[in-house]
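Everything below concerns the one structure shown next.
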Amino acid sequence: MLEDSCYKIDENDENEEIILSSNEYNQILNIQQQILEMIASHYQTSEILAKLCSLAESLLPNSVASIMIKNKETGLMSVRIAPSIPQIAQDRLANLKPGPHGGSCGNAVFKNQPQFVQNTFTDDRWQNLRQVAVDFNICSCWSMPIRDKAKKAIGSFALSSFEHRAPNLFHIKLLRTAASIVSIILKDEEMEKRNKLFSNAMKNSADGILITDEKNLIIEVNNAITNIYGYSKEELIGKNPKIFASREYSKSFYKNMWDDLNRNSKWNGEIVNKKKDGSLITQWISITALHDENNLAHNYLAMFTDLTPLKEAQNKMAFMAYHDPLTNLYNKSYLQNILKTQEDKTLILLNINNFSYINTAYGFDIGDEILINVSNILEKHFQIDTLCKINSDEFALVFNKRIPISEKILEIQNYFMKNLINIEKIKLNITFSYGAVSGKNNLLRKAASALKEAKENGKNRFEIFEQNSNDDYLKREAFINYTNLIKNALDYNQVVPFFQGIYDNNNNSITKYEALARIVLEDRVVSPYEFLEPAKLSGLLPEITKVMIDKTMKTMSSNNHEFSINITEDDLAEGYLNEYLDEKIAFYKINPRRVILEILEGVSSTGKKNHINQLTLLKKSGFKIAIDDFGAEYSNFERILDLDIDYIKIDAKYIKDIDTNKRSYEIVRAISFFAKNVNIPCIAEFVHNESVQKFVKDLGINYSQGYYFSEPKKELIN
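Counting from 418, one number per residue, gives the positions in the sequence shown under the numbering used here.
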């Protein structure tokens, strides 16, 4: 764990390499590739910076990213881009003075060092911005200085979180990478501005300038012209500018240029010219006809700007956007582009077996050499139409037609079985897991599905995606879709508590409420039955719970009702509940005795020791505990008594047909009898009609919950 108040990294530390896992490496690489692709495609700077912030936020749940830039004239900082931060909060940060009490970003620029503040509510660095932190629940903030080419801090890239936390090494690498990318983008923005100011090139001595007479003979040049082309001034005076012609253009090109110039008095464009030594140069040329008092053109002014550095930079960015930096093979972005065509192709994915162990045993340098060797072998020996490296240890082989997949894979297996990889006296036998598919649609996803199955079956195996496996594929598709739905719902504030009243059978009124999670979209409300299982499988349940706790307490802060919130085993496994709940009841000024935490029966009866300890501490803090879906599993009644449970909620499957099913009735009667004897109030779930309610009340059950009394609504219903 990093220290709370001051985790300093000096310049040398920032230059040291941070070792990441292959998954973390791919996440950083994915950000670089997406941003470089946007730069290569000439997106607006604001769009690129906003995308960078969104990508960084996606790697740190419950956080927002921001970019602040220092005004060169005033020295004050303001928000340049922060797509997830409301404008009112951005306005509060405007004209921030860098200094020791100016928050994480003010300190990052003031000290020109990274700042990792774990608790903004207490850290002295946030003294001047304390109220901003409280008003917008900014609990922690990590900021990395953005530097110019002189290594001076000109701004900051920050990740602010709604919970107290410190960065791990991955987060530090993410912040470094993002700050470096912003520096590159700002430099590129400056270059683009310069290119848009060609009309003022005459004022820039770095640009070549020449003037011709009415016969188009050179009468004057500046020093830049002689430096650019290698001719002396004496060699150029009296010559026609066609001395620079590269002979790459036809006569019609120059005729059209002169027609345009005579018609509009101006011409400009990109052109390739030739220097004295015969080498070519790409330039932007602006030609203006200079008129006398009779509006007759007597002279022509030509301004030359060298585009070679820009062209080289653009070509390099375009190359980086679609190529792997280690092997120079095409990357995943390029693969996805070529697979969009509706033509039959064959795709084979190769994943090197045990590559992480190779890296551990021999080091990353040897691992890199292995990847380069493998890429050279694949490119040379197997007649592949397109070869891509798409992950740290994964290759994609694309064939522009359907091929005998098994034969091709056996060919690759046989080659690597017979030929060892030799690197620095190390000899290694390399094997792969293979996933393959032929067709037109969704090839990458299908091949990845086949590869996953091959890995599960062992090493050096291959699987070919067949249409009869489409059911499993559709299930995976549904899981991916729901996972994306959940992530978007968390990102765009679409997780909403709906409240269902709990009816007191003794005083005949609704006295408590249960908060139920829903995802509210523009066209529909998504039930938890659709998204809870994908949320559990993807590890997002705790994030949903945090949102539910926060929003429910915010709603309940305006009344005095008791209310219950569902807590999962995943929440207990994360170990954040005690601190998070204490923080929220303090923030919303809620008595913990009003809060009922509903846990599943299995958590109480067979829960891990750590989970039980957490529940015990929550009880000591004043929170109440309810056992949800009681009777669904084999309960440990002794554990229930040990935990001092406050409520038992009888499983809905027994309540819903208690009036018609004798077995259900007897089970509910036994649970009710046990609860009365140990003095634990019972709540009957799924009370949906008058007949069921009559049986519930006859058994002396304290509370009823269901559509008969209250449907879940966003607003409280009394």
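Where is the CB? At the ideal position from N, CA and C, for every residue including glycine.
Remember, predicted model here, so these are calculated numbers, not experimental data.
Asked, Found
"Among L1017, I826, K762, E651, whose alpha-carbon lies nearest the alpha-carbon of K818?", "K762"
"E441 to F587, Cα distance in whole Å?", "7 Å"
"Mapping DSSP to helix, strand and coil, what is M418?", "Only weak support is given to the placement of M418: the predicted model assigns it a pLDDT of 33, under 50, and the value that follows is read from those uncertain coordinates. Of the three classes helix, strand and coil, the one that applies to M418 here is coil, per DSSP."
"Measuring straight from C-alpha to C-alpha, what distance separates I1072 and I897?", "35 Å"
"Strictly by DSSP, which residues pair up with Y1064?", "A1043"
"Roughly how many whole angstroms lie between the Cα atoms of I1029 and L1060?", "8 Å"
"Have a look at N808, K692, L795, A853 and flag the residue whose alpha-carbon is nearest the alpha-carbon of N831.", "L795"
"Quick one: give me the first and last residue of the beta strand (DSSP E) that W684 is part of.", "683–691"
"To the nearest angstrom, how far is the alpha carbon of Y424 from that of I787?", "Bear in mind that the predicted position of Y424 carries a pLDDT of just 40, short of 50, making it too unreliable to give a figure here."
"Pick helix, strand or coil for P503, following the three-state DSSP scheme.", "coil"
"Report the partner residues of W675 according to the DSSP bridge assignment.", "For W675, which the question treats as bridged, DSSP gives no partner whatsoever."
"Would you mind sorting F533 into buried or exposed? The rule is 16 or more other CB atoms within 10 Å of its CB.", "buried"
"What residue range is occupied by the uninterrupted beta strand (DSSP E) comprising K844?", "843–845"
"If we ignore side chains and look at the alpha-carbon of each, how far apart do K692 and T629 end up?", "19 Å"
"Distance, Cα to Cα, Y1064 vs A1043?", "4 Å"
"With E811 as the anchor, note down where its alpha helix (DSSP H) starts and where it stops.", "Premise fails: E811 lies in the beta strand (DSSP E), 811–816, not in any alpha helix (DSSP H)."
"For K1111, I'd like the list of residues in its chain whose CB is within less than 8 Å of its CB, leaving aside the five on either flank, ordered along the chain.", "D1076"
"Using a Cβ-Cβ cut-off of 8 Å (strictly less than) and excluding sequence neighbours within five positions of I843, which residues of its own chain qualify?", "Y779, I783"
"For A865 versus I765, is the C-beta spacing smaller than 8 Å?", "no"
"Does the pairing of the region 946–957 with the region 992–1010 give three or more beta-carbon distances under 8 Å?", "no"
"With DSSP as the reference, label K392 as helix, strand or coil.", "Here the chain covers residues 418 to 1135 and nothing more, so residue 392 does not appear."
"Where does the unbroken alpha helix (DSSP H) through L1034 begin, and where does it stop?", "1026–1037"
"Counting C-beta neighbours from all protein chains within 10 Å, is the total for W543 16 or more, i.e. buried, or is it exposed?", "buried"
"Return the residue from the list E873, E960, K929 that minimises the CA-CA distance to Q911.", "E960"
"Rounded to whole angstroms, what is the Cα-Cα separation between S560 and D741?", "29 Å"
"Could you name the residues of the same chain whose beta carbon sits closer than 7 Å to that of I807, not counting the 5 residues immediately before and after it, in chain order?", "N748, K749, L752, A813"
"Could you tell me the distance, in whole angstroms, from the CA atom of E580 to the CA atom of C805?", "40 Å"
"Do L678 and T699 have their CB atoms nearer than 8 Å?", "no"
"Helix, strand or coil for V1104, going by three-state DSSP, please let me know.", "coil"
"Could I get the ranges of all uninterrupted beta strand (DSSP E) runs contained in the region 889–965, with 3 residues as the minimum, in chain order?", "912–921, 926–937"
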